[in-house]
Amino acid sequence: MSTTSTIAKGLDGIVAAETEMSYIDGINGILEYVGIRIGDLSSNSTFEETVFLLWNRRLPNASELSAFVNELRAAYALPEGMVERIGQLPKDALPMHVLRTLVSELALSDPNPNDNNTKAAQAKAVRILGCAPALVACFDRHRRGLEFVAPDPQRSFASNFLYMLNGSDPTETMVRAFDICMILHADHGLNNSTFAARVIISTLSDVYSALTGAIGSLRGPLHGGANEGVMHMLNEIPSVDDVESYIMGKIQRKEKIMGFGHRIYKAKDPRATDLQSLARKLAEDTGNADLYEKSSRIEQIMERELAHRGIYPNVDFYSATTYFCIGLKLDLFTPMFALSRLGGWSGHIIEQLSDNRLFRPKAQYVGPHDVPYTPMDNR
Ligand code: ACO
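The following block contains the structure:
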């Protein structure tokens with residue numbers, strides 16, 4: 005009665021879509037956005053330019069970039085009533101739950117939320133990406149009992165977020181560090197959350213639903229939530245001298261070390277290499293050198309113990325130290341990932357819509373057949 009087929013658990017190795025946005029060579033540790041090495045972008049580009057690149061599959065010229073930046077800045081403001089709405093949220097809510105809820109809620113202030121033509125979908129993407137930083141900053145200030153700081157359209161995406169969060173001018177170093185983080189996290193092939201976004205939009209649902217689902221996926225500790233896990237781990241280790249026994253204990257108990265391992269990379273994630281330099285510099289500058297030293301020691305031990313199994317640092321490992329040194333609270337780490345990845349998710353949603361076919365894999369049924377229905381009284 006049943007036919008058996010091979011199951012690719014976790015869809016490991018399955019190619020489920022084409023993309024022109026990012027390319028990953030997991031064996032050699034290479035990541036490119038539209039053919040450009042990630043290190044070249046993090047050294048030379050800005051988040052805004054990177055999003056333009058991902059969405060248009062080419063770098064902008066000066067006037068195109070300026071037009072895109074202006075469009076995004078015009079979208080910084082929150083819809084009417086949203087600040088008050090955030091003021092009603094429970095202060096102990098997790099920021100990822102808040103961001104997921106509020107991105108979904110943005111559909112309610114869109115007069116045409118279901119319009120999926122390319123132009124409309126891109127306009128929604130700009131709208132959501134533009135105001136998502138204010139959603140996070142507003143909620144963080146609400147839970148700290150502080151007044152909302154309105155977005156400043158004279159500022160870049162990175163500068164505006166830090167300004168709204170702290171209510172003061174961020175330093176140039178912090179803005180650039182944050183901008184680099186945004187570039188590095190913007191897109192990454194068909195990772196779980198991007199796949200979730202593409203699966204949802206493949207029903208011809210809507211951009212808000214697809215992004216809401218992607219945020220829900222990202223927060224899991226096996227995905228973007230790992231950066232918080234890394235910080236918990238660093239906090240748990242009292243000093244650099246305790247790293248060896250802590251990590252060896254975890255390995256012996258067969259517990260996973262957060263920030264290591266990847267489905268695709270069997271070499272060091274190139275984003276981890278970039279974030280490592282950033283983390284080292286920021287840790288020195290902000291008096292957190294011990295945090296970097298602990299991280300570096302963990303990496304050495306993991307290299308010795310697990311590199312032969314292809315387990316290396318991933319993007320989340322050094323992003324934890326980086327975000328901590330930028331002054332972000334631990335539960336804002338994954339929302340920061342989401343702010344950046346909204347760029348990648350949106351690009352994938354538009355890519356999916358341009359050549360859509362409903363995602364609908366099969367499950368191998370492994371239950372019984374021909375079971376007689378037992379009346380309630382006989383159960
Ligand atoms: N620490 C210790 N062992 C690990 C780790 C790790 N971080 N990652 C994988 N392994 C081991 C597993 O225990 C497993 O061992 P086994 O074969 O003896 O059972 C083997 O390596 C394969 O691991 P899987 O979890 O099956 O690999 P998969 O490709 O499904 O998962 C994943 C990849 C989820 C990222 C995994 O490496 C992991 O859980 N890492 C820790 C969480 C993390 O850092 N996630 C962020 C990933 S990057 C991102 O999403 C942004």
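The sequence shown runs 5 to 383 under my numbering.
Every residue, glycine too, gets a C-beta built ideally from N, C-alpha and C.
Beta-carbon proximity check, residue i vs residue j, cutoff 7 Å
i: K128; j: V211; result: yes
i: A201; j: H352; result: yes
i: K366; j: G33; result: no
i: S344; j: A181; result: no
i: P107; j: T216; result: Checking the sequence shown, residue 107 turns out to be Val, not Pro. Yes.
i: A230; j: G253; result: no
i: C135; j: A79; result: yes
i: L226; j: S197; result: no
i: T325; j: S299; result: yes
i: I219; j: A342; result: yes
i: A287; j: L295; result: yes
i: P30; j: Y250; result: Residue 30 is actually Gly in this sequence, not Pro. Not in contact: G30 and Y250 (Cβ atoms no closer than 7 Å).
i: L35; j: D335; result: no
i: Y37; j: L57; result: yes
i: P339; j: L133; result: no
i: V179; j: S163; result: yes
i: Q356; j: I204; result: no
Presumed contact (8 Å Cβ cut-off) between residue i and residue j, rounded CB distance
i: A81; j: P155; result: 6 Å
i: L45; j: I187; result: 5 Å
i: N318; j: G265; result: 7 Å
i: P117; j: A125; result: Wrong, their Cβ atoms sit about 11 Å apart, outside the cutoff.
i: S358; j: T207; result: Between T207 and S358 the Cβ distance is about 16 Å, and since that is not below 8 Å, they are no contact.
i: G43; j: P274; result: 6 Å
i: I184; j: L282; result: 6 Å
i: T23; j: G193; result: 7 Å
Where the alpha helix (DSSP H) containing residue i begins and where it ends
i: K36; result: Sequence check: residue 36 is Glu here, not Lys. Premise fails: E36 lies in the beta strand (DSSP E), 34 to 37, not in any alpha helix (DSSP H).
i: Y296; result: 293 to 310
i: Q92; result: Counting along the chain, Q92 falls outside any alpha helix (DSSP H), and DSSP gives it neither H nor E.
i: H266; result: No alpha helix (DSSP H) contains H266, which DSSP labels as neither H nor E.
i: S197; result: 196 to 205
i: R284; result: 274 to 289
i: N318; result: Counting along the chain, N318 falls outside any alpha helix (DSSP H), and DSSP gives it neither H nor E.
Any non-hydrogen atom of the ligand ACO closer than 6 Å to residue i Cβ
i: D29; result: no
i: A71; result: no
i: M262; result: yes
i: H352; result: no
i: R308; result: no
i: R301; result: no
i: A136; result: no
i: R364; result: no
i: A230; result: yes
i: N48; result: no
i: V55; result: no
i: G265; result: yes
i: N239; result: no
i: G14; result: yes
First and last residue of the uninterrupted beta strand (DSSP E) at residue i
i: S108; result: No beta strand (DSSP E) contains S108, which is instead part of the alpha helix (DSSP H) from 99 to 109.
i: S26; result: 26 to 29
Below-7 Å beta-carbon distance, residue i vs any chain C residue
i: K270; result: Absent from the structure: chain C. Only one protein chain is present.
(request) Kindly provide the ranges of any alpha helix (DSSP H) runs that are 4 or more residues long and lie completely inside the segment 321 to 382, ordered along the chain. (result) 337 to 358
(message) At 4 residues or longer, what runs of the alpha helix (DSSP H) sit wholly inside the segment 213 to 251?
(response) 230 to 240
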